[in-house]
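Trainee:
There are 2 protein chains.
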Amino acid sequence: MSTIRYRNLDSLKSFGELQRASPTDLPALLERDAGRRVEQYTAPIVDGMHYNFAAKAVDDTIVELLHRLAHEAQLLEKYRATVNGEIINTGEQRMVLHHLTRGEIGPDVNLNGRSLLRFYRDQHQRAFAFAEKVHTGEIVGSTGKQFDTVVQIGIGGSDLGPRAVFYALQNYVLHDHGEQPLQARFISNVDPDDAAGVLAGIDPETTLFVLVSKSGTTQETLTNEAFVLDALEQTGVSGLHPRKHIVAVTSETSPLARSSEYLDAFYIDDYIGGRYSSTSPVGSVVLSLAFGPSVVGRFLVGAHRADLAALENPVERNAAVLDALTGVYERNVLGYSATAVLPYSQALSRFPAHLQQLDMESNGKRVNRFGEPVAYATGPLVFGEPGTNGQHSFYQLLHQGTDIVPMQFIGFRRSQLQQDLEFEGSSSQRKLNANLIAQIVAFAIGQYNEDANKAFPGGRPSSLIYAERLTPEVLGALLSHYENKVMFQGFAWNINSFDQEGVQLGKVLTKQILAEDGSAPPAITALRKLLGV
Amino acid sequence: MSTIRYRNLDSLKSFGELQRASPTDLPALLERDAGRRVEQYTAPIVDGMHYNFAAKAVDDTIVELLHRLAHEAQLLEKYRATVNGEIINTGEQRMVLHHLTRGEIGPDVNLNGRSLLRFYRDQHQRAFAFAEKVHTGEIVGSTGKQFDTVVQIGIGGSDLGPRAVFYALQNYVLHDHGEQPLQARFISNVDPDDAAGVLAGIDPETTLFVLVSKSGTTQETLTNEAFVLDALEQTGVSGLHPRKHIVAVTSETSPLARSSEYLDAFYIDDYIGGRYSSTSPVGSVVLSLAFGPSVVGRFLVGAHRADLAALENPVERNAAVLDALTGVYERNVLGYSATAVLPYSQALSRFPAHLQQLDMESNGKRVNRFGEPVAYATGPLVFGEPGTNGQHSFYQLLHQGTDIVPMQFIGFRRSQLQQDLEFEGSSSQRKLNANLIAQIVAFAIGQYNEDANKAFPGGRPSSLIYAERLTPEVLGALLSHYENKVMFQGFAWNINSFDQEGVQLGKVLTKQILAEDGSAPPAITALRKLLGV
């Protein structure tokens, strides 16, 4: 393996060539050459699941330059260095090991003589065993009643990913298992209406709370823990021990880990970033309680398979690499500043919110991994809603607005619940997918009309990720595909995708306000009276 | 009143002056002059509810130019022409009368001798009377059982607005009324998992379905109606008449209006655009069933008051005008392409999705109201999630990314459920609002750090909408404020904010695919096999 060099994007020869390459005429390309493009502009994510970029504004020349960029930026070598345990998170001087939470992908990484692969695996096994005992009634609430509900208390990475996965698999579990072992709810916001609203709909006595904070110091999460403890006390049920209704998911060194009063605790460490932690106990505890361990195990297997494919497939048919570099081309050569994720599956309703964090918190950076400002655009704005809903909403701007917003569609041949109905000659699932395909072509090719208000300019690029059905394995692979795409883009931009210094200043100023010690800047004094704080 | 002239933004003298005005130094302005700015850069939306733009990148010179732009573009005159019944929706040659659904705001608008104000009011009264009869059990399901659930079936404007309002008031109703008369759910997506998932959680026999489609031809909505009818039939309950569990909300000329088989029907007309229809029966039927008519009445009053304020307040203290033109300045002079809406209230979790449609579908246009392409940017990309959640997600990019994204915060002094807890010296509500204020200052002023990775550049503008508590009146005013802001921006850009031709091509191509008649273009043939359609 050649020595790894971390270089800025604009110092790469292939990037200069990309900038000088002729831009394509997407409508013409897709009208002329759709068959070949659909067949060749594709790469597998895992078996039966593909990334297709036939409707992206690239041609053979540009694709070839993207391959060269992947090599020159040493994307695969940097990924391998990551799983080998190198210090990839330079800002915090940490390894980046979330891939190991899904399975063995490189040599074992040891820390102080401990195998981290085994550590992550053991925590999952503990979560699974715990969930099974809750399901069988071997573990019950402090008053002896069986748990029927689980509530995750966490924010950001401890909320968005697990919540998106929960919604994505709820119907699947209903169909394939007939029922869901425990009902699940989520509390995240420090807004008291969030916790109070959730608590109004559950019985605290039969609820198991999963308190998730890696540091054990997250303001919102500790505040909501206090809120929940208070609600448990307010039940007035004799013999109820509030903390025995809570399990913690935290790092071994956090304040939460030191409390023996919780029912149990599951551990993560500093090498799993919050937004990459859905496949750690941050996700596996609540999800195995809600769905059972076997569903979670399949989810982890899917994620692991996509990790391996992204590591082992040559760049020419590496979906995560190609997705990443198409995005870099759109961001840094074509100059598009946002990208839409459009899942044609209601089950993925909150998946874009997870991707928004994953992508924008990872790559919304102004300095490279050495702390030097970069002279090019980095991470785009990411947003999205499920189709076909979005078609009746913001698609107007995507079709006829003054800016171009690249898109990624996600589709499945079959539905999750497998309940469908023929109506006016087609099933709902067929209508859904017909809409998806129609949109790709409408965006890319457009349509002339002598009335300019009814004309579609086209030239609006999109890609498609598709699979047979949104199973736990497919969802795991999807999650992992995006994580790897974001990582590869971070490598291309030469930034550190694994810290988040941009969240710090707000925390400091909030503390100054709450401390009332006169340390807050004058602008805060002027503004705070508007909200009476 | 002077004659109204519809002119492009770039033909206005004041716009040229705005372009030539010196850009401001926001960090310096806010550090030096915060007190005065907070006091003066403000305008009332309704009593007790304000728009404050102290942290926007404007100074007295620019504000003065925005006032002149408002006059020169005749924003208030064009709004008055709208409520007077002029043909503002030029593309479809229609009046734009959603303001009248909230109350009397101009002279009565008559059509074929009928008062439209009275028509809209009558439909609300019918909806209220109907809801009361359902609540008292005077109207029951076809098997004689009382309804306990209402399910809205609609998409786009028939879904996003009413759904956002429902979530926004659920906790409020719980607190102030002790309970919610009917549970409410929503089906929108043609994805069969959406309808099947909702149906799995309800009892169709005791559910009232509200079928909402202005045209009566919306593919998704009719498909989901068939889905629901099938589910009602599948119950096998003897004597159950499926259509007697459905009420329609539609236009008087639609196919749905002609069916006497429905339990009842409520009417809207062509002068209420889908995304502006939450205050028509599209919202009032489901919301009065879920919450009771008095809550809906208060919501309409709030919307009406904000409409009046936006019509009658001089531009210098007109919140909707100032919010609109600050946005135009950011879009067309500063060149920012997106804007974030950040409500610090979990109740507003789906409000950004509604605003996304409202704004992007209204102003995502490339041609002016005369059908001529414009040479300037129009509507921005709009997105958002509640704070503090977003702080742990995409705020990283907003603080330290390479692009600047203007923001609008929304905050309330008090929570909805009024359940709160002191923890570590402050209540949750106080923590929530301390975070909000801290973010405004962190974004605007930033902070130097010799480690560039920990430095905050500042200069990231935001505004704040705030009120005492998210009541039905305040929510109505908030909804209406945004509608009026979007309308004023449309006037400034000289576009038609009330049609949506950009949704048509996708519909045509979808039909071609489903018809299987060989009319679909070759690119579709190549792509459709990927999803087996």
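Going line by line, the protein sequences match chains U and S.
Quick note: the first sequence uses this note's numbering, first residue 1, plus one each step.
Quick note: the second sequence uses this note's numbering, first residue 534, plus one each step.
Yeah, the Cβ is synthetic: ideal placement off N, Cα and C, and Gly gets one too.
Residue range of the alpha helix (DSSP H) that N52(U) falls in?
Mentor: Translated into positions along the first sequence, residue 52(U) becomes position 52. Run containing N52(U): none in the alpha helix (DSSP H); it sits in the beta strand (DSSP E), 49-52.
Trainee: Under the rule that 16 or more other beta-carbon atoms within 10 Å means buried, what is V1041(S), buried or exposed?
Mentor: Residue 1041(S) sits at position 508 when you count from the first residue of the second sequence. Label assigned to V1041(S): exposed.
Trainee: Let me see if you follow: with CB-CB separation under 7 Å, is R1002(S) close to chain U or not?
Mentor: Translated into the one-based positions of the second sequence, residue 1002(S) becomes position 469. Output row for R1002(S): interface = no.
Trainee: Within a Cβ cutoff of 8 Å, which residues of the same chain sit near L563(S), ignoring the five residues on either side of it in sequence?
Mentor: By one-based count along the second sequence, residue 563(S) stands at place 30. Once the five neighbours on either side are set aside, the close Cβ partners of L563(S) are R570, A587, A588, V974, A977, I978.
Trainee: Strictly under 7 Å for the Cβ-Cβ distance: is I1057(S) near chain U by that measure?
Mentor: As a position in the second sequence, residue 1057(S) is number 524, starting the count at 1. Chain U contact via Cβ: present.
Trainee: The stretch 699-728 of chain S: which residues have C-beta closer than 8 Å to a C-beta of chain U, in chain order?
Mentor: Answer in chain order: Q703, N704, L707, S721, N722, V723, D724, P725, D726, D727, A728.
Trainee: What's the call for D191(U), buried or exposed, on a 16-neighbour Cβ count within 10 Å?
Mentor: Taking the first residue of the first sequence as position 1, residue 191(U) is located at position 191. That one is buried.
Trainee: Strictly below 9 Å CB to CB, what residues from chain U border M893(S)?
Mentor: Within the second sequence, the letter at position 360 stands for residue 893(S). Those are S393, F394, Y395, Q396, L397, L398, G401, listed as they occur along chain U.
Trainee: Measure the alpha-carbon distance for T623(S) versus Q400(U) and round it to whole angstroms.
Mentor: Indexing the second sequence from 1 puts residue 623(S) at position 90. Indexing the first sequence from 1 puts residue 400(U) at position 400. Straight-line Cα distance between these residues: approximately 17 Å.
Trainee: Taking DSSP's pairing of strands, which residues face E422(U) in a bridge?
Mentor: Here residue 422(U) refers to the residue found at position 422 when the first sequence is read from its first residue. E422(U) pairs with S427(U).
Trainee: Span of the alpha helix (DSSP H) holding T221(U)?
Mentor: Against the first sequence, residue 221(U) aligns to sequence position 221. Where T221(U) is concerned, the enclosing alpha helix (DSSP H) stretches over 219-234.
Trainee: Does DSSP put A1000(S) in a helix, a strand or coil?
Mentor: In the second sequence, counting from the first residue as 1, residue 1000(S) sits at position 467. In this structure, A1000(S) counts as strand in the three-state DSSP scheme.
Trainee: Could you work out which residue in I578(S), G711(S), V706(S), Y584(S) is closest to L820(S) when comparing CA atoms only?
Mentor: Your numbering for residue 820(S) matches position 287 in the second sequence. Closest by alpha carbon: V706(S).
Trainee: Does DSSP put V854(S) in a helix, in a strand, or in coil?
Mentor: Walking along the second sequence from the start, residue 854(S) turns up at place 321. When secondary structure is reduced to three states using DSSP, V854(S) falls in the helix class.
Trainee: How many Å lie between G923(S) and V866(S) at the Cα?
Mentor: Locating residue 923(S) in the second sequence gives position 390, counting from the first residue. Locating residue 866(S) in the second sequence gives position 333, counting from the first residue. Their Cα atoms are separated by approximately 27 Å.
Trainee: Which one or two residues does DSSP pair with F370(U) in a beta bridge?
Mentor: Position 370 of the first sequence, counting from 1, holds the residue named residue 370(U). Its beta-bridge partners do not exist; DSSP assigns none.
Trainee: From the DSSP output, in three-state form, read off M487(U) for me.
Mentor: As a position in the first sequence, residue 487(U) is number 487, starting the count at 1. Three-state DSSP puts M487(U) in a helix.
Trainee: Is there a Cβ from chain S that is less than 7 Å from the Cβ of D420(U)?
Mentor: Against the first sequence, residue 420(U) aligns to sequence position 420. Yes, because at least one Cβ of chain S sits closer than 7 Å to the Cβ of D420(U).
Trainee: Name the DSSP beta bridge partners of N966(S), please?
Mentor: Within the second sequence, numbered from 1, the residue matching residue 966(S) stands at position 433. None, per the DSSP bridge assignment.
Trainee: For Y482(U), does the count of other Cβ atoms within 10 angstroms reach 16, so buried, or fall short, so exposed?
Mentor: To locate residue 482(U), count along the first sequence from 1; it is residue 482. Y482(U) comes out buried.
Trainee: Name the two residues that bound the continuous alpha helix (DSSP H) containing V667(S).
Mentor: As a first step, residue 667(S) is located in the second sequence; it is residue number 134 there, counting from the start. Note, V667(S): alpha helix (DSSP H), 649-669.
Trainee: DSSP has I943(S) in a bridge; who is on the other side?
Mentor: On the second sequence, position 410 is the one that residue 943(S) refers to. Bridge partners of I943(S): P876(S), I998(S).
Trainee: Looking only at DSSP bridge pairs, what is T207(U) linked to?
Mentor: Within the first sequence, the letter at position 207 stands for residue 207(U). T149(U), per the DSSP bridge assignment.
Trainee: What are the boundary residues of the beta strand (DSSP E) that T250(U) is part of?
Mentor: By 1-based counting over the first sequence, the position of residue 250(U) is 250. Segment 246-251, the beta strand (DSSP E) holding T250(U).
Trainee: Return the CA-CA distance between D33(U) and Y41(U), expressed in angstroms with no decimal places.
Mentor: Your numbering for residue 33(U) matches position 33 in the first sequence. Your numbering for residue 41(U) matches position 41 in the first sequence. Those two C-alpha atoms are separated by around 11 Å.
Trainee: Using a beta-carbon distance below 7 Å, is D230(U) in contact with chain S?
Mentor: Translated into the one-based positions of the first sequence, residue 230(U) becomes position 230. Yes - at least one Cβ of chain S is within 7 Å of the one on D230(U).
Trainee: Could you work out which residues of chain U lie near D984(S), taking near to mean beta carbons separated by less than 7 Å?
Mentor: Here residue 984(S) refers to the residue found at position 451 of the second sequence. Within chain U, the residues near D984(S) are G371.
Trainee: For R121(U) and A375(U), what's the separation of their Cα atoms in angstroms?
Mentor: Locating residue 121(U) in the first sequence gives position 121, counting from the first residue. Locating residue 375(U) in the first sequence gives position 375, counting from the first residue. So the two alpha carbons sit approximately 41 Å from each other.
Trainee: Counting contacts by CB-CB distance shorter than 7 Å, is S462(U) in contact with chain S?
Mentor: Here residue 462(U) refers to the residue found at position 462 of the first sequence. By this cut-off, S462(U) is not an interface position.
Trainee: Is the Cβ of N89(U) closer than 7 Å to any Cβ of chain S?
Mentor: Residue 89(U) sits at position 89 when you count from the first residue of the first sequence. For N89(U), the answer is no, since every Cβ of chain S falls outside 7 Å of its Cβ.
Trainee: Return no unless some Cβ of chain S is closer than 7 Å to the Cβ of I540(U).
Mentor: Residue 540(U) lies beyond the residue range present for chain U, which begins at 1 and ends at 533; the question has no answer from this structure.
Trainee: To the nearest angstrom, how far is the alpha carbon of R366(U) from that of T935(S)?
Mentor: Indexing the first sequence from 1 puts residue 366(U) at position 366. Indexing the second sequence from 1 puts residue 935(S) at position 402. Answer to the nearest angstrom: the Cα atoms are 5 Å apart.
Trainee: Could you run through the stretch 562-573 of chain S and flag, in chain order, every residue whose CB is less than 7 Å away from some CB of chain U?
Mentor: L563, E564, A567, G568, V571
Trainee: If contacts are defined as beta-carbon pairs under 8 Å, then S278(U) and H124(U) qualify, I think. What distance do you get, rounded to the angstrom?
Mentor: Looking up residue 278(U) in the first sequence gives position 278. Looking up residue 124(U) in the first sequence gives position 124. Taking 8 Å as the upper bound for CB-CB distance, S278(U) and H124(U) are not in contact here, some 12 Å apart.
Trainee: How is R94(U) classed by DSSP in three states: helix, strand or coil?
Mentor: Translated into positions along the first sequence, residue 94(U) becomes position 94. Three-state result, R94(U): strand.
Trainee: Under 7 Å Cβ-Cβ, which residues of chain S neighbour T223(U)?
Mentor: Reading the first sequence from its first residue, position 223 is the one you call residue 223(U). From the beta-carbon of T223(U), the residues of chain S found nearer than 7 Å are F956, S961, K964.
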